[in-house]
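Heads up, the thing below is written out as structure tokens.
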Amino acid sequence: MNSQRGIFTPARNCVPVPLSGIEPVPVESLLDAVAALCIAREARIASLFAMKNGSAQVQIMAILADDQGGRLMIGTSLLDADSFPSLSAKCPQAQLFEREIAEQFGIVPAGHPRFNPVRFHHSFSGRDAWFRLEGQDIQPSVIPFVRVEGSDVHEVAVGPVHAGIIEPGHFRFQCHGEKVFNLEISLGYQHRGIEKSLIGGPDGRSIHLVETAAGDSTIAHTTAYCQTLEALGSVRQIPLRAMTVRAILLELERMANHAGDIGALANDAAFLPTASYCGRIRGDFLNMTAMFCGNRFGRSAVLPGGVRFTLDRDGVEELKRRFKNSFGDLEDAANLLFESSTAVERFENCGILPRETAEEIGIVGVAARASGIRRDIRFDFPTGLFSFAQIPLVSCDSGDVYARAFVRWLEARNSASFILEQLDSLPQDGAMGIPVQAPKPDSIVVSMVEGWRGEVCHTAVTGPDGRFLRYKIVDPSFHNWGGLEVVLKDELIYNFPLCNKSFNLSYCGFDL
Amino acid sequence: MIRVLKSRFKQGHRTFKFPDPNFPMPERFLGMPQIKESCSQCMKCLEICPVSCIKKSGEGVSIDIGACIFCGKCVAACPEKAISFNREYSLCASSRNDLVISPCMERKALSLRKEIRSLFGRSLKLREVSAGGCGACEADVNVLGTIGWDLGRFGIQFVASPRHADGILVTGPITKNMTLALQKTYDAVPSPKVVIAVGACAISGGIFRDGSEIRGGLENFFPVDIFIPGCPPHPATILDGLLRLIGKIKAGA
Chain D
10 MNSQRGIFTP ARNCVPVPLS GIEPVPVESL LDAVAALCIA REARIASLFA MKNGSAQVQI
70 MAILADDQGG RLMIGTSLLD ADSFPSLSAK CPQAQLFERE IAEQFGIVPA GHPRFNPVRF
130 HHSFSGRDAW FRLEGQDIQP SVIPFVRVEG SDVHEVAVGP VHAGIIEPGH FRFQCHGEKV
190 FNLEISLGYQ HRGIEKSLIG GPDGRSIHLV ETAAGDSTIA HTTAYCQTLE ALGSVRQIPL
250 RAMTVRAILL ELERMANHAG DIGALANDAA FLPTASYCGR IRGDFLNMTA MFCGNRFGRS
310 AVLPGGVRFT LDRDGVEELK RRFKNSFGDL EDAANLLFES STAVERFENC GILPRETAEE
370 IGIVGVAARA SGIRRDIRFD FPTGLFSFAQ IPLVSCDSGD VYARAFVRWL EARNSASFIL
430 EQLDSLPQDG AMGIPVQAPK PDSIVVSMVE GWRGEVCHTA VTGPDGRFLR YKIVDPSFHN
490 WGGLEVVLKD ELIYNFPLCN KSFNLSYCGF DL
Chain C
82 MIRVLKSRFK QGHRTFKFPD PNFPMPERFL GMPQIKESCS QCMKCLEICP VSCIKKSGEG
142 VSIDIGACIF CGKCVAACPE KAISFNREYS LCASSRNDLV ISPCMERKAL SLRKEIRSLF
202 GRSLKLREVS AGGCGACEAD VNVLGTIGWD LGRFGIQFVA SPRHADGILV TGPITKNMTL
262 ALQKTYDAVP SPKVVIAVGA CAISGGIFRD GSEIRGGLEN FFPVDIFIPG CPPHPATILD
322 GLLRLIGKIK AGA
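Read top to bottom, the protein sequences are chains D and C.
Read in order, the letters of the first sequence are residues 10 to 521 in my numbering.
Read in order, the letters of the second sequence are residues 82 to 334 in my numbering.
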């Protein structure tokens, strides 16, 4: 680790660092150091992005997370050329980040093994890494897909519009009979330009753009956003009342989605009782979020400095009553599934993601914990109420669909006891928020929250006027879509729905 | 097997009545906006509105619920308490202009093509296209298929191919990258077909309306039969819209 001294500046979750404290180093040294730490498993890439700092140069920012040590490392480099040596071949977790840098700023990671666009849009800077003209329409998923040739080999193309009520994405399978040789996923259909729109903020729209980064993770993303503004706005701590409501809402979001996923997995194994019960139970939990803010997805519930709503004593009692009923139903539905040998048989040994691979490609969240990696922001980099009240961390070693399903159920159980405990101690008086000052100029802050899918990581960089030079969002899906590609290798194509559901990744959170 | 039956007994029958005048909407739900005639047009609401859906017009201040994301900031910003939202979940309209709400405005009845009711009144098969949605509209359309809402009992079903469909239901602000896929899906649905826009994004672009990566507003592409506003619309709002479209809920009800 000593050799990296001087390249990285230590940082902590939600603690701003003045930009002047981060010394730019040559890009080769920065990327070599990133690769060395990732390969040694001393840290992993939480975020890696480019930005314009007002000068003509493009600046690279690398945010590494050392989970065991609970600390972050920030490194930066100013680019003089329009390319840099790619580190993806030796450090695969960088591959999407590098492609994203190329797409957004026209900087080419030289030697990248799969150099394709990520979201199919024109760059922020006018410079295009694929030499496409400014006015030219870009067609999504028009890329040289990996192809397998041979007399019995066939190709299956799925999407962008899928067969159910699902977001769009394109999947290309290379198959031999039912066996999948390779799956390549090409997204970008949901690209709404959120990061570009956030540059120059914060303004009245910023928080709403973040709320809709991934609609099913509204609380996680909005909390991450509010934490950046609070850190930059000299808020040391928000009131306990607001902190408690935020934590309850975050865990309710987790309960709703884990319940939905358990049902969806049951559905794909054709185990219909649990599938139909969980579909309804998920709605029950969403309705509990609506008890706070009127909206089932938690829109407008979390504000910079605190929360907009809380519940009075009667509201708390009513919520507890409904919560206990719904959790009882979930317990029954989940036990039914996990006691069913036919359903469990479908889950076991299906779509295995070995721990070593998960580490290598930088998997986060439920999928990481199901592969035996003990990685959870609530535990490793706690903020808000999680600094004081811990939720036991759940992990499983097998890395298969079963593990990803079972980890969800165990997490839902832990969240349930946490929610009930916190509802009992939800403060009934005191402020629901405190004023947040204008963001500190020339600073960088990293804010991470453990959403239900995994790590939501926001990085804000402010300029001399306190406005966002860059607001980088990394949804857990950005780390994890590669995991789905990996588990499909040599898997049978009819297991794809199960594998896909066991990750249940966001298209819009990836596409932004 | 006994375990499954026991569980079936415990979970019980959960399909609820719909439409139901006493449908339990969340207490803090924001439904139809209401603007008092006494509004002095100070326009503090417009300054704070993140989607600029509030306008000053001849008849006073108006709110376009086709763009509104129901954040409620205007309610808090109004010094005269002239804006409020009731808990009405029925918000759909058949014309884009009918979504612009002004003081003392009468709710317009839907004017729909006659053939919709005669052809699709008893069976409507829809293809859902998510064109840049954040997943929330999609989730609350999806939830209509669960046992509580039981969409199938009304003869409405989401199908897996546009060739099997009578129409499309679109969510999202129509990103550039989904434009072609949306057009192809529309073309693949046999005529006559219905087009349904669900959520602020599909109706107007919503929070993304000024973005460079979206094309916003389904009406820019196809004639839209029914607009269902919200961000996202509550499942009750969506189901109400679908049932009004096929005449299962009559005007005035």
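Even for Gly, the Cβ is constructed at its ideal location relative to N, Cα and C.
Remember, predicted model here, so these are calculated numbers, not experimental data.
Check: Hey, does D:M10 have any beta-carbon neighbour from chain C nearer than 9 Å?
Finding: In the first sequence, counting from the first residue as 1, residue 10 of chain D sits at position 1. Per-residue confidence for D:M10 stands at a pLDDT of 45, beneath the threshold of 50, marking its modelled position as unreliable; no derived number is given.
Next item on the list: Just the chain C side, please: which residues come within less than 7 Å of D:Y286 by C-beta, in chain order?
Entry: Translated into the one-based positions of the first sequence, residue 286 of chain D becomes position 277. Neighbours of D:Y286 on chain C, chain order: Q92.
Next item on the list: Could you name the residues of chain D that C:I228 contacts, counting a contact when the two beta carbons are closer than 7 Å?
Entry: What you label residue 228 of chain C is simply residue 147 of the second sequence in a count that begins at 1. Ordered by position in chain D, the residues that pass the 7 Å Cβ test against C:I228 are S285, G288, R289.
Notebook entry, point to check: Does any CB atom of chain D fall closer than 9 Å to the CB of C:F99?
Noted result: Within the second sequence, the letter at position 18 stands for residue 99 of chain C. False, the Cβ-Cβ gap to chain D never drops below 9 Å.
Item checked: Contact set for D:F133: own chain, Cβ-Cβ below 7 Å, skip 5 residues either direction -> As a first step, residue 133 of chain D must be located in the first sequence, where it is residue number 124. Same-chain partners within the cutoff: Q113, F114, K205.
Check: Which residues, in order along the segment 258-283 of chain D, keep a beta-carbon less than 7 Å from a beta-carbon of chain C?
Finding: P282
Next item on the list: Alpha carbon to alpha carbon, how far is D:G360 from D:C508? Give it in angstroms, no decimals.
Entry: What you label residue 508 of chain D is simply residue 499 of the first sequence in a count that begins at 1. What you label residue 360 of chain D is simply residue 351 of the first sequence in a count that begins at 1. Computed Cα separation, rounded: 6 Å.
Next item on the list: Give the range of the alpha helix (DSSP H) segment to which D:Y522 is assigned.
Entry: Because chain D spans 10 through 521 in this model, residue 522 of chain D falls outside it and cannot be assessed.
Item checked: Assigned exposure category for D:T392 - 16 Cβ within 10 Å defines buried -> The count along the first sequence starts at 1 and reaches residue 392 of chain D at position 383. Its Cβ being crowded by 16 or more others within 10 Å, D:T392 is buried.
Margin query: On a Cα-Cα basis, can you pick out the residue from D:S380, D:N191, D:I370, D:A59 that is closest to D:T468?
Written below: As a working note, residue 468 of chain D is residue 459 in the first sequence. Taking only the C-alpha atoms, the option nearest D:T468 is D:A59.
Checklist line | Interface residues of the segment 113-130 of chain C facing chain D [CB-CB below 7 Å] | finding: I129
Check: Quick one: does C:K78 have its CB under 9 Å from some CB of chain D?
Finding: Lying outside 82 to 334, the shown extent of chain C, residue 78 of chain C is not represented and no answer is given.
Next item on the list: Determine the burial state of D:R53: buried for a count of at least 16 other Cβ atoms within 10 Å of its Cβ, exposed for fewer.
Entry: Along the first sequence, read from residue 1 onward, the residue named residue 53 of chain D stands at position 44. D:R53 comes out buried.
Next item on the list: Would you kindly report the start and end of the unbroken alpha helix (DSSP H) that includes D:E348?
Entry: Walking along the first sequence from the start, residue 348 of chain D turns up at place 339. Here D:E348 belongs to no alpha helix (DSSP H), and DSSP marks it neither H nor E.
Notebook entry, point to check: How many Å lie between D:V416 and D:D484 at the Cα?
Noted result: For the purposes of this step, residue 416 of chain D is taken as residue 407 along the first sequence, with counting starting at 1. For the purposes of this step, residue 484 of chain D is taken as residue 475 along the first sequence, with counting starting at 1. The alpha-carbon atoms of D:V416 and D:D484 are separated by roughly 20 Å.
Checklist line | Cβ pair D:A268, D:L394 closer than 9 Å | finding: The residue given as residue 268 of chain D occupies position 259 in the first sequence. The residue given as residue 394 of chain D occupies position 385 in the first sequence. No, the Cβ-Cβ distance between D:A268 and D:L394 is not below 9 Å.
Check: Can you check whether the CB of D:G314 is closer than 9 Å to the CB of D:V244?
Finding: The residue labelled residue 244 of chain D in the question sits at position 235 within the first sequence. The residue labelled residue 314 of chain D in the question sits at position 305 within the first sequence. The answer is yes: Cβ separation under 9 Å.
Checklist line | Cβ-based contacts, 7 Å cut-off: residues of the segment 160-175 of chain C near chain D | finding: none
Notebook entry, point to check: D:P313 versus chain C: which residues are under 7 Å apart at the beta carbon?
Noted result: The residue labelled residue 313 of chain D in the question sits at position 304 within the first sequence. Going along chain C, no residue has its Cβ under 7 Å from D:P313, so there is no contact; the nearest lies around 13 Å.
Notebook entry, point to check: Between which two residues does the beta strand (DSSP E) harbouring C:M375 extend?
Noted result: Because chain C in this structure spans residues 82 to 334, residue 375 of chain C falls outside the shown range and cannot be described.
Notebook entry, point to check: Name the chain D residues that come within less than 8 Å of C:A158, Cβ to Cβ?
Noted result: By 1-based counting over the second sequence, the position of residue 158 of chain C is 77. The premise fails here: C:A158 is roughly 11 Å from chain D at the closest Cβ pair, so nothing lies under 8 Å.
Item checked: Helix, strand or coil at C:M259 [DSSP, three-state] -> On the second sequence, residue 259 of chain C is found 178 positions in, with the first residue counted as 1. DSSP places C:M259 in helix when its eight states are reduced to three.
Next item on the list: Under 7 Å Cβ to Cβ from D:I386, same chain only, skipping five residues before and after it: list those, please.
Entry: For the purposes of this step, residue 386 of chain D is taken as residue 377 along the first sequence, with counting starting at 1. Correct list, in chain order: M457, V458, E459, E464.
Notebook entry, point to check: Which class does D:I194 belong to by DSSP, given the choice of helix, strand or coil?
Noted result: In the first sequence, residue 194 of chain D corresponds to position 185, counting from 1. Note: D:I194 maps to strand in three-state DSSP.
Notebook entry, point to check: Which chain C residues sit within Cβ distance under 9 Å of D:Q199?
Noted result: Here the question's residue 199 of chain D lines up with position 190 in the first sequence. Chain C residues near D:Q199: S211, A212, G213, G214, C215, G216, G253, T256, N258, M259.
Next item on the list: Identify each residue in the segment 338-362 of chain D for which the Cβ-Cβ distance to at least one residue of chain C is less than 9 Å, and report them in chain order.
Entry: D338, D341, A342, N344, L345, E348, S349
Check: Do the segment 176-196 of chain D and the segment 489-505 of chain D touch if we need at least three Cβ pairs shorter than 8 Å?
Finding: yes
Notebook entry, point to check: If you compare alpha carbons, which of C:K87, C:I237, C:P131, C:I249 is closest to C:I307?
Noted result: Locating residue 307 of chain C in the second sequence gives position 226, counting from the first residue. For the residues C:K87, C:I237, C:P131, C:I249, the minimum Cα distance to C:I307 belongs to C:I249.
Next item on the list: Name, please, each residue of chain C whose Cβ falls closer than 9 Å to the Cβ of D:V151.
Entry: What you label residue 151 of chain D is simply residue 142 of the first sequence in a count that begins at 1. Ordered by position in chain C, no residue passes the 9 Å Cβ test against D:V151, which lies about 11 Å from the chain.
Next item on the list: Would you check whether the ligand ADP has a heavy atom nearer than 8 Å to the C-beta of D:L207?
Entry: For the ligand ADP, the structure offers nothing, since it holds no ligand at all.
Next item on the list: Report yes or no: do three or more beta-carbon pairs, one from the segment 262-278 of chain C and one from the segment 107-115 of chain C, lie closer than 8 Å?
Entry: no
Item checked: Burial state of D:P401, where buried means 16 or more other Cβ atoms lie within 10 Å -> Within the first sequence, numbered from 1, the residue matching residue 401 of chain D stands at position 392. Answer is exposed; the Cβ neighbour count stays below 16.
Notebook entry, point to check: Short check: CB of D:S511 to CB of D:E176, under 9 Å?
Noted result: What you label residue 511 of chain D is simply residue 502 of the first sequence in a count that begins at 1. What you label residue 176 of chain D is simply residue 167 of the first sequence in a count that begins at 1. No; because the gap between Cβ atoms is not below 9 Å, this pair is not in contact.
Notebook entry, point to check: Does DSSP classify D:S515 as helix, strand or coil?
Noted result: The sequence position of residue 515 of chain D within the first sequence is 506, counting from 1. Note: D:S515 maps to coil in three-state DSSP.
Next item on the list: Report the option in C:G297, C:I164, C:I327 whose CA atom is closest to the CA atom of C:S121.
Entry: Along the second sequence, one-based indexing puts residue 121 of chain C at 40. Of the candidates C:G297, C:I164, C:I327, the one whose C-alpha sits nearest the C-alpha of C:S121 is C:I164.
Notebook entry, point to check: What three-state label does DSSP hand D:L88 in the structure shown?
Noted result: In the first sequence, residue 88 of chain D corresponds to position 79, counting from 1. D:L88 falls in the strand class under three-state DSSP.
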